[in-house]
Amino acid sequence: MDVSCDLQVDVNGEQIFMVDKKVICSYSGRINKLFGKSKRGTRYLKVIFHDFPGGAESFELITRFCYSKGKVEINSINVSTLYCAASYMEMEKSVSGNQNLFELTEKSLEDVRYWSWSELLDALRLCQKLMPVASSSGVIDKYLDSLIGRVASSCETSPCPSTSSADSSGFRLSCDTKSTESLRNSAFRATWWFEDLGSFEPFLIETLVKQMVSKNLDHGILSKFLFYYQKSRFSAAKTMDEKCKTMETVIEMLHLLDLSCISFKTLFGMLRITLNLKISKCSRNKLESMIGFQLDQATLDNLLLPSPVGSSYLYDVNLLLRLLKSFISKGACCVPLTRLRKVASLMDLYIAEVAPDPCLKPSKFLALVRSLPESARDSYDAIYHATVMYLEVHSGLSEEEKMKVCSGLSYEKLSSEACSHLACNKKFPSKSAGQALITQQVKLKSLLQETNQASPYLDSPCSFVETGSPGHEDQQIVLYAGKLDLSTENEKLKEHLQGMQWRVLELEKACRKMQNQMAKMLKSRISSHNNARSLPRLCS
Numbered sequence: 001m002d003v004s005c006d007l008q009v010d011v012n013g014e015q016i017f018m019v020d021k022k023v024i025c026s027y028s029g030r031i032n033k034l035f036g037k038s039k040r041g042t043r044y045l046k047v048i049f050h051d052f053p054g055g056a057e058s059f060e061l062i063t064r065f066c067y068s069k070g071k072v073e074i075n076s077i078n079v080s081t082l083y084c085a086a087s088y089m090e091m092e093k094s095v096s097g098n099q100n101l102f103e104l105t106e107k108s109l110e111d112v113r114y115w116s117w118s119e120l121l122d123a124l125r126l127c128q129k130l131m132p133v134a135s136s137s138g139v140i141d142k143y144l145d146s147l148i149g150r151v152a153s154s155c156e157t158s159p160c161p162s163t164s165s166a167d168s169s170g171f172r173l174s175c176d177t178k179s180t181e182s183l184r185n186s187a188f189r190a191t192w193w194f195e196d197l198g199s200f201e202p203f204l205i206e207t208l209v210k211q212m213v214s215k216n217l218d219h220g221i222l223s224k225f226l227f228y229y230q231k232s233r234f235s236a237a238k239t240m241d242e243k244c245k246t247m248e249t250v251i252e253m254l255h256l257l258d259l260s261c262i263s264f265k266t267l268f269g270m271l272r273i274t275l276n277l278k279i280s281k282c283s284r285n286k287l288e289s290m291i292g293f294q295l296d297q298a299t300l301d302n303l304l305l306p307s308p309v310g311s312s313y314l315y316d317v318n319l320l321l322r323l324l325k326s327f328i329s330k331g332a333c334c335v336p337l338t339r340l341r342k343v344a345s346l347m348d349l350y351i352a353e354v355a356p357d358p359c360l361k362p363s364k365f366l367a368l369v370r371s372l373p374e375s376a377r378d379s380y381d382a383i384y385h386a387t388v389m390y391l392e393v394h395s396g397l398s399e400e401e402k403m404k405v406c407s408g409l410s411y412e413k414l415s416s417e418a419c420s421h422l423a424c425n426k427k428f429p430s431k432s433a434g435q436a437l438i439t440q441q442v443k444l445k446s447l448l449q450e451t452n453q454a455s456p457y458l459d460s461p462c463s464f465v466e467t468g469s470p471g472h473e474d475q476q477i478v479l480y481a482g483k484l485d486l487s488t489e490n491e492k493l494k495e496h497l498q499g500m501q502w503r504v505l506e507l508e509k510a511c512r513k514m515q516n517q518m519a520k521m522l523k524s525r526i527s528s529h530n531n532a533r534s535l536p537r538l539c540s
């Protein structure tokens, strides 16, 4: 063994090198700090590197540079390794006094704009093995900046094959003048790079997309790329951890984009996939918020997601409640009424679907009904029918629980038919039936008052007389004021409304009678300690 080799270097446990400490110290600030003051007589100093970028192969290139007194060939293949290794070993001009390896590789990287597309991809793939030094040294940013510039340029001009020159002029190819060909070329220009970048690791994709967003690349194209990336990575993933990391990265990047540019259907597809993945709570919340903001685009099939493993109920009601919370997170007043009513109609369908679930708790049913403000619905008939179904399935509920379930109804927005049905439905508590009757009575009284205030005459009904010469275009229509007697029609309407009012009064009497009977039954039950539940009597 050469006596001048007095430093033993263990590189990542891959290989041990015996080198001359003095030679290496003259170029490496890191080694100089460790052993620069050690005397020559000290034999076999040893240093162990656990995270040397590029491993043993990279360290061998470093030693060749040092022993050749700064003579080494730098090209697109080894520049990434040399740059990261030089950064790690602190091989700068301040150490050697001359232009050192770091400066040489940095100068070489200035020519990255002249590299071919394939050379750029190879360099980025290599950087994935040189982490974290590749990231901290800034070499990845240099490559990504060049890559993004080419993608942006190609989207604005013409398709770019993988073998195209790095010069931007290489992207300026002629386009077909036919409309159909132009559309094909346009689509290709936007997506040709998807496959080339689809194999990158999630951390590199995260850096890439963040820079693309900062450079204002089209959000619609970026969202399509992220969906493509998630699909391609999932097909190649070997473990659940890989899938989780990929999904979390895609969700985080989608959350940076304009929601209007993201496919709602694909988001729901991702949501279904995550049901079987243990992704972070933060990523799950972001995915749900993106879906919730666009909930008015959903269908009933989208919402009928199975409940988590171990849950007794059929559908994941808690998930839907979270989506609804996101939908009105800025306040219901900030949501356009058309969107609000669309979601309300969707919720009516959903509630009717989950109402027959025997495991659905009253609190969850009520939470679904109350998840949207009353202004979101013109009619509560659909909610009433769902409540009927719920009470029929959950016949063992106490009177208090039934009242809580019914508290979600807006009696003012129930039709006359629904109110009449409610009053005669023995499944509903008596207080609820009475409240429905009182509400209808108030409606009738208000209607009668409006009718009494109406004038029996209209001051200006119109009769039409044509003037001008027959067959000529200058014919005119002259309006003559007159009086139309509506007293007969008014009387008929008043009689009809009064008849309805009398029927409501009869129903109120029956309801009071029913309430008295209920009170007696409750007293009897308390005195006898009987646990049997009493049900409302049928109204006749």
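Counting with full-length UniProt numbering, you get residues 1 to 540 for the letters of the sequence shown.
Every residue, glycine too, gets a C-beta built ideally from N, C-alpha and C.
Selected residue, minimal CA-CA separation from residue i, among the options
i: methionine 270; options: Asp296, Phe234, Leu130, Asp241; result: Phe234
i: residue 576; options: Lys69, Lys224, Ala423; result: The question about residue 576 has no answer here: the residues shown for the chain are numbered 1 through 540.
i: methionine 91; options: Ile31, Asp122, Leu144, Lys402; result: Ile31
i: proline 358; options: Leu391, Lys69, Arg370, Gln440; result: Leu391
i: serine 116; options: Lys107, Asn75, Gly70; result: Asn75
i: leucine 120; options: Lys71, Gly434, Trp193; result: Trp193
i: isoleucine 273; options: Leu61, Leu287, Leu368, Cys84; result: Leu287
i: leucine 321; options: Glu400, Arg370, His219, Pro336; result: Arg370
i: serine 283; options: Thr266, Ile251, Ser312; result: Ile251
i: serine 398; options: Lys361, Ser135, Leu368; result: Lys361
i: leucine 444; options: Ser432, Cys261, Lys402, Cys419; result: Cys419
i: serine 260; options: Ile221, Leu409, Asp141; result: Ile221
i: threonine 266; options: Ile279, Tyr228, Gly396, Val72; result: Tyr228
C-alpha distance - residue i paired with residue j, whole-angstrom precision
i: lysine 210; j: glutamine 230; result: 16 Å
i: cysteine 175; j: cysteine 334; result: Unreliable placement is indicated for cysteine 175, whose pLDDT of 38 sits below 50; the coordinate value is still reported in the next sentence. The alpha-carbon atoms of cysteine 175 and cysteine 334 are separated by roughly 45 Å.
i: alanine 298; j: methionine 131; result: 42 Å
i: serine 329; j: arginine 339; result: 14 Å
i: glycine 292; j: threonine 191; result: 28 Å
i: leucine 346; j: leucine 217; result: 35 Å
i: glutamate 417; j: tyrosine 384; result: 11 Å
i: tyrosine 143; j: glutamate 103; result: 17 Å
i: valine 11; j: lysine 46; result: 11 Å
i: glutamine 15; j: glutamate 57; result: 9 Å
i: aspartate 301; j: glutamate 412; result: 31 Å
i: histidine 421; j: serine 311; result: 35 Å
i: glycine 55; j: methionine 290; result: 42 Å
i: asparagine 425; j: lysine 342; result: 30 Å
i: leucine 109; j: serine 214; result: 23 Å
i: serine 326; j: serine 232; result: 30 Å
i: serine 38; j: glycine 13; result: 24 Å
i: aspartate 20; j: aspartate 241; result: 44 Å
i: threonine 423; j: leucine 337; result: Looking at the sequence shown, residue 423 is not threonine but alanine. Computed Cα separation, rounded: 32 Å.
i: leucine 197; j: leucine 275; result: 27 Å
Under 8 Å between C-beta atoms of residue i and residue j
i: alanine 236; j: lysine 243; result: no
i: serine 87; j: valine 133; result: yes
i: tyrosine 27; j: asparagine 100; result: yes
i: serine 80; j: valine 23; result: no
i: leucine 295; j: leucine 324; result: yes
i: phenylalanine 59; j: phenylalanine 65; result: no
i: phenylalanine 49; j: valine 9; result: yes
i: glutamine 128; j: leucine 226; result: no
i: methionine 247; j: leucine 277; result: yes
i: serine 146; j: valine 112; result: yes
i: proline 308; j: lysine 245; result: no
i: alanine 85; j: leucine 124; result: no
i: isoleucine 262; j: methionine 212; result: no
i: threonine 387; j: leucine 372; result: no
Supposed close pair residue i, residue j - CB separation, criterion 8 Å
i: leucine 82; j: threonine 105; result: 5 Å
i: proline 429; j: methionine 389; result: That pair is no contact at about 16 Å.
i: arginine 377; j: alanine 344; result: 5 Å
i: tyrosine 305; j: leucine 314; result: For clarity, residue 305 is leucine in the given sequence; the question names tyrosine instead. Not a contact, Cβ separation roughly 10 Å.
i: tyrosine 44; j: aspartate 6; result: 6 Å
i: leucine 366; j: lysine 404; result: 6 Å
i: serine 379; j: serine 415; result: 7 Å
i: glutamate 206; j: threonine 249; result: 5 Å
i: valine 393; j: valine 354; result: About 11 Å separates the two Cβ atoms, so there is no contact after all.
Residue-chain proximity (residue i, chain D), Cβ-Cβ < 8 Å
i: tyrosine 350; result: Reference to chain D is not applicable here, since this structure consists of a single protein chain.
* To do: Return the chain-ordered ranges of every alpha helix (DSSP H) run that is complete within the segment 228-253 and spans a minimum of 4 residues.
  => Counting only runs of 4 or more, we get nothing.
* Could you tell me which uninterrupted alpha helix (DSSP H) segments, each at least 4 residues in length, are contained entirely in the segment 85-159, listed from first to last along the chain? => 93-96, 101-109, 117-127, 133-136, 139-156
* **Residue ranges of each beta strand (DSSP E) within the segment 22-67, 3 or longer** => 45-49
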